[in-house]
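A.B. asks:
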Amino acid sequence: MPSPNISRHSALALLSAVAALLIGLFVAVEAVAHHPGSHARRVGAGQVELDAAVSASDACTRIERMEPGTPQGVQAPTGAAPVVVRLVRPDGLCATVVSALREARTLSVPAGTTALLLYVVGPDGRVAASERVPIR
182 MPSPNISRHS ALALLSAVAA LLIGLFVAVE AVAHHPGSHA RRVGAGQVEL DAAVSASDAC
242 TRIERMEPGT PQGVQAPTGA APVVVRLVRP DGLCATVVSA LREARTLSVP AGTTALLLYV
302 VGPDGRVAAS ERVPIR
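Heads up: the sequence shown begins at 182 in our numbering, then just goes up one per residue.
As structure tokens, then:
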């Protein structure tokens, strides 16, 4: 004959498991919302501070410059201000490591712009990556 406390403890265990799952989902969503990638925030009328984060596959690659615009042959979608991040790599041997490159800059953007579209141009001149960065 089953004990009457078994069903009560099972319901309590189920409720605890559901609560833990919901808390875990909330923490995961918060972590995704605050990813370590690029960030942009409005700092004045028509001014946005961009903190760009791009990855490199070796220890020698660095950000050469970051400027408004698009790479040749690319057109940015409506509502996003395009920004080109150009990478440079000197000739010679470099350690093969994955690293994060960061650069911050204040940019002038048209009124009503809701996002920046970063185009990462590799040392070979080709677009290596792109990232849509919402303006907060």
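Backbone N, C-alpha and C fix where the C-beta goes; we use that ideal spot for every residue, glycine too.
Remember, it's a predicted structure, so these values are computed and weren't measured experimentally.
By the three-class DSSP mapping on this structure, what secondary structure does Leu299 have?
C.D. replies: Walking along the sequence shown from the start, residue 299 turns up at place 118. Correct three-state label for Leu299: strand.
A.B. asks: What's the C-alpha gap between Leu297 and Pro249?
C.D. replies: For the purposes of this step, residue 297 is taken as the residue at position 116 of the sequence shown. For the purposes of this step, residue 249 is taken as the residue at position 68 of the sequence shown. C-alpha separation (whole angstroms): 9 Å.
A.B. asks: Ala326 to Val302, Cα distance in whole Å?
C.D. replies: A question about residue 326 goes unanswered here, because the residues of the chain that appear run from 182 up to 317.
A.B. asks: DSSP on Gly293, reduced to helix/strand/coil?
C.D. replies: Here the question's residue 293 lines up with position 112 in the sequence shown. If DSSP states are grouped into helix, strand and coil, Gly293 belongs with coil.
A.B. asks: Give me whichever residues DSSP pairs with Thr277 in a beta bridge.
C.D. replies: Taking the first residue of the sequence shown as 1, we reach residue 277 at position 96. In the DSSP output, where bridge partners are listed per residue, Thr277 has none listed.
A.B. asks: Give the single residue among Gly260, Val314, Ala240, Ala221 whose Cα lies nearest to the Cα of Leu268.
C.D. replies: Mapped onto the sequence shown, residue 268 falls at position 87. Nearest of Gly260, Val314, Ala240, Ala221 to Leu268, Cα basis: Ala240.
A.B. asks: Terminal residues of the continuous beta strand (DSSP E) containing Val255?
C.D. replies: For the purposes of this step, residue 255 is identified with residue 74 of the sequence shown, where counting begins at 1. No beta strand (DSSP E) holds Val255; DSSP gives it neither H nor E.
A.B. asks: Could you give the first and the last residue of the continuous beta strand (DSSP E) run that contains Asp232?
C.D. replies: Residue mapping note: residue 232 aligns to position 51 of the sequence shown, counting from 1. 228-237 is the extent of the beta strand (DSSP E) around Asp232.
A.B. asks: Please classify Ser311: does DSSP put it in a helix, a strand, or coil?
C.D. replies: Position 130 of the sequence shown, counting from 1, holds the residue named residue 311. If DSSP states are grouped into helix, strand and coil, Ser311 belongs with the strands.
A.B. asks: Closer than 6 Å by C-beta to Ala237: which residues in its own chain qualify, once you throw out the five before and the five after it? Chain order, please.
C.D. replies: Position 56 of the sequence shown, counted from the first residue, corresponds to residue 237. Taken in chain order, the residues that qualify are Ser280, Leu282.
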